[in-house]
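This is the structure we're talking about:
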């Protein structure tokens with residue numbers, strides 16, 4: 238059993254987030270703390286040896302949106318970085334990523350992107366899963382309309398069905414990430430194409446997108 242607390246040194250349990258009733262939290266998923274300063278301690282099955290990573294949403298002193306994500310990995314979660322991006326002739330973008338080690342089974346690599354100004358809960362974003370092995374990974378952001386500015390960051394997660402989650406749950410379901418020091422990575426699609434070599438018009442390597 239466990240609970241989240243935030244109280245002064247004289248009463249560490251002055252503020253606590255729990256379940257309303259007796260229950261067991263789900264691994265590799267977002268859970269909701271349904272009670273604040275009442276209820277029962279939350280349960281968690283930690284019988285399998287490994288690493289359990291908690292991500293808690295800072296919702297203030299209330300149960301509203303008091304959520305937490307618990308990830309299980311057999312080894313320490315890997316760190317991740319974006320290595321490079323390549324804009325393609327078909328308006329897709331190829332993203333290269335590097336992890337610090339081979340991820341644990343079920344620890345996946347993703348790119349989250351949006352054409353909105355940011356990744357706030359009021360904006361819509363999409364997620365694509367990277368493919369690869371070892372420490373080298375790649376993902377493709379689908380084609381967007383000319384004139385769009387695409388913002389994205391890369392992250393790891395053990396959660397399933399991330400693409401259908403709410404925006405707040407997408408943010409919570411994160412083990413490690415690289416968001417360009419908080420600025421996010423970005424590119425803008427224009428209708429300007431420059432030939433980079435002599436070649437066929439239908440060969441994407443003939444052109445660079447600016």
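Numbering (the numbering used here), first residue to last: 238 to 447.
Backbone N, C-alpha and C define an ideal beta-carbon position, used for all residues, glycine too.
Q) How big is the Cα-Cα spacing for residue 416 and residue 278? A) Computed Cα separation, rounded: 34 Å.
Q) With distances taken between CB atoms, is the gap from residue 282 to residue 396 smaller than 8 Å? A) Against a cut-off of 8 Å, the Cβ pair of residue 396 and residue 282 comes out as no contact.
Q | Residue from 240, 325, 377 with nearest C-alpha to residue 270 | A | Closest by C-alpha distance to residue 270, out of 240, 325, 377, is 240.
Q. Given that a residue counts as buried once 16 or more other Cβ atoms are within 10 Å of its Cβ, and exposed if not, what is residue 411?
A. Around the beta-carbon of residue 411, 16 or more other beta-carbon atoms lie within 10 Å, marking it buried.
Q: Using alpha carbons as the reference points, say which of 380, 340, 332 lies closest to residue 309.
A: Ranked by Cα distance from residue 309, the options 380, 340, 332 are led by 340.
Q: Take every Cβ of the region 373–387, pair it with every Cβ of the region 282–297, and state whether three or more of those distances are shorter than 8 Å.
A: Segments in contact, no.
Q. Quick one: what's got a C-beta closer than 6 Å to residue 376's C-beta in the same chain, skipping five residues either side?
A. Excluding sequence neighbours, residue 376 sits near 332, 348, 365, 367.
Q: Identify every residue that forms a DSSP beta bridge with residue 280.
A: When DSSP reads this structure, residue 280 sits in a beta bridge with 261.
Q) Which residues share a DSSP beta bridge with residue 376? A) Secondary-structure assignment with DSSP links residue 376 through a beta bridge to 332.
Q) Out of 275, 312, 324, which has the shortest C-alpha to C-alpha gap to residue 342? A) Among 275, 312, 324, the Cα nearest to that of residue 342 belongs to 312.
Q: Sort out for me which residues DSSP pairs residue 272 with in a bridge.
A: According to the DSSP secondary-structure assignment, residue 272 is paired through a beta bridge with 255.
Q: Within its chain, find whatever has a CB closer than 8 Å to the CB of residue 360; leave out the 5 residues flanking it on each side and keep chain order.
A: Within the same chain, residue 360 has close Cβ partners 351, 353, 354, 404.
(Q) Taking the beta carbon of residue 314 as the centre, do at least 16 other beta carbons fall within 10 Å, making it buried, or is it exposed? (A) By the Cβ neighbour-count rule, residue 314 is buried, with 16 or more other Cβ atoms within 10 Å of its own.
Q. CA-CA distance, residue 248 and residue 258?
A. Cα to Cα, the separation comes out at about 23 Å.
Q.
Whole angstroms are fine: how far does the CA of residue 407 sit from the CA of residue 272?
A. Each residue's Cα considered, the two are about 22 Å apart.
Q) Between 435, 436, 437, 428, which lies nearest to residue 324 when the distance is taken from Cα to Cα? A) When the alpha-carbon of residue 324 is set against those of 435, 436, 437, 428, the nearest one is in 428.
Q. How big is the Cα-Cα spacing for residue 294 and residue 318?
A. One Cα belongs to residue 294, the other to residue 318, and the distance between them is close to 23 Å.
Q: Note down, one range per segment and in chain order, each beta strand (DSSP E) of at least 3 residues found wholly within the region 282–343.
A: The region 282–343 contains these whole beta strand (DSSP E) runs: 288–293, 304–310, 317–324, 330–336.
Q. Run through DSSP, which three-state label would residue 401 get?
A. Of the three classes helix, strand and coil, the one that applies to residue 401 here is helix, per DSSP.
**Q.** Residues near residue 423 in its chain [Cβ-Cβ closer than 8 Å; skip 5 each side]
**A.** Within the same chain, 386, 387, 388, 389 come within 8 Å of residue 423 by CB-CB distance, once the 5 residues on both sides are set aside.
Q. Grouping DSSP H, G and I as helix and E and B as strand, with all else coil, what is residue 359?
A. In the three-state DSSP reduction, residue 359 falls in the coil class, being neither helix nor strand.
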